[in-house]
Amino acid sequence: MMKPKQRWCSGGAGDGMVATEDDRRSYGRQPWMGCEESLEKKKQREGGADVFFRRTSRGRQKIEMKYVESKEARYVTFSKRKASLFRKADEFSTVTGADVGVLLFSPSGKPCSYTSTSVEKITEKFREWKQQNADEGKSSVFQAFDDLCKDIQDENEKAKSRELRYKVMYPGAEIPADKERLEKFMEMKLRLENINEATKNHIRAERLKFDLNVVPEYEVGESSGTHH
-16 MMKPKQRWCS GGAGDGMVAT EDDRRSYGRQ PWMGCEESLE KKKQREGGAD VFFRRTSRGR
44 QKIEMKYVES KEARYVTFSK RKASLFRKAD EFSTVTGADV GVLLFSPSGK PCSYTSTSVE
104 KITEKFREWK QQNADEGKSS VFQAFDDLCK DIQDENEKAK SRELRYKVMY PGAEIPADKE
164 RLEKFMEMKL RLENINEATK NHIRAERLKF DLNVVPEYEV GESSGTHH
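Take the sequence shown: its letter number 149 is residue 132 in the numbering used here, and every next letter is one higher.
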């Protein structure tokens, strides 16, 4: 004996809605026996609107990021997030081959760390990079200042030579102003101001840099240690 042909509806159980093949592909399919009401009747019953489903829940909501007030909940959150953070750091190091170091402190102030190699190697590598950039910054400022001094000296020598030639050619005459020389000195003044500003920025950057010469001592149970 043949089983009755099963009809498919695009809605939930009991909505009595007959769906077309396109509806089934768009909204998913659910077997339901005895679907009698047509889509046209369904639309009329819904007031003529092309609405076949009504959301019964608010869906996935964005969690607000805010400070956890409860001390106990805060410690639990820290432990869970720390494990997730270190796991992501380990995955990043594995897939990219990069040296990764993560250092953080628990709510109680105890240090925790993850490094792809070792804390000492990571901090030493960072110190070397910091020193190299600091040296490059200093050398660029000094070089710009040296170049400016040389240009000023050259312009002064040219000015003296021009005045001497003019006195020989026009004895007793007033030496006219050199507009081109004035423009060059204005340009040099601007360069000096830029060097001064770069020096100030470099000093500010040096003050804000981390002093990684002392690595904190890790307490048992709090430090994550090195992962491989």
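Glycine residues also receive a C-beta, built at the ideal position from the N, C-alpha and C atoms.
Using three-state DSSP, classify residue i as helix, strand or coil.
i     : result
Tyr50 : coil
Leu68 : helix
Met97 : Strictly speaking, residue 97 in this sequence is Tyr, with Met absent from that position. Residue state, collapsed to three classes: strand.
Val83 : coil
Please report the straight-line C-alpha distance between residue i and residue j, rounded to a whole angstrom.
i       : j      : result
Thr106  : Thr182 : 27 Å
Lys63   : Leu87  : 14 Å
Ser213  : Lys54  : In the structure as shown, the chain starts at -16 and stops at 211, and residue 213 therefore has no counterpart that could be examined.
Ala66   : Arg43  : 24 Å
Tyr149  : Glu140 : 14 Å
Phe221  : Phe69  : Lying outside -16 to 211, the shown extent of the chain, residue 221 is not represented and no answer is given.
Asp82   : Ser101 : 9 Å
Gly84   : Leu165 : 55 Å
Tyr58   : Ile46  : 19 Å
Thr79   : Ser99  : 11 Å
Arg110  : Glu163 : 48 Å
Lys167  : Lys143 : 15 Å
Phe95   : Arg174 : The sequence given here places Cys at residue 95; Phe does not occur at that position. Distance between the alpha carbons of Cys95 and Arg174: 47 Å.
Asp(-2) : Ala56  : Confidence in Asp(-2) is poor, its pLDDT being 46 and thus under 50, which makes the residue's placement too unreliable to answer from.
Ala188  : Met169 : 29 Å
Ala156  : His185 : 49 Å
Val124  : Glu180 : 10 Å
Asp129  : Lys93  : 49 Å
Glu103  : Thr77  : 20 Å
Would you say residue i and residue j are within 7 Å of each other, going by their C-beta atoms?
i      : j      : result
Tyr97  : Ala72  : yes
Glu146 : Ile158 : yes
Keeping to the same chain, check which residues put their C-beta closer than 7 Å to that of residue i; ignore five residues upstream and five downstream.
i      : result
Ala127 : Ile178
Excluding the five sequence neighbours on either side, which residues of its own chain have a C-beta within less than 8 Å of the C-beta of residue i, listed in chain order?
i      : result
Arg171 : The residue you asked about is not Arg; residue 171 is Met in the sequence shown. Only Leu131, Asp134, Ile135, Glu138 meet the Cβ criterion.
Phe61  : Ser89, Pro90
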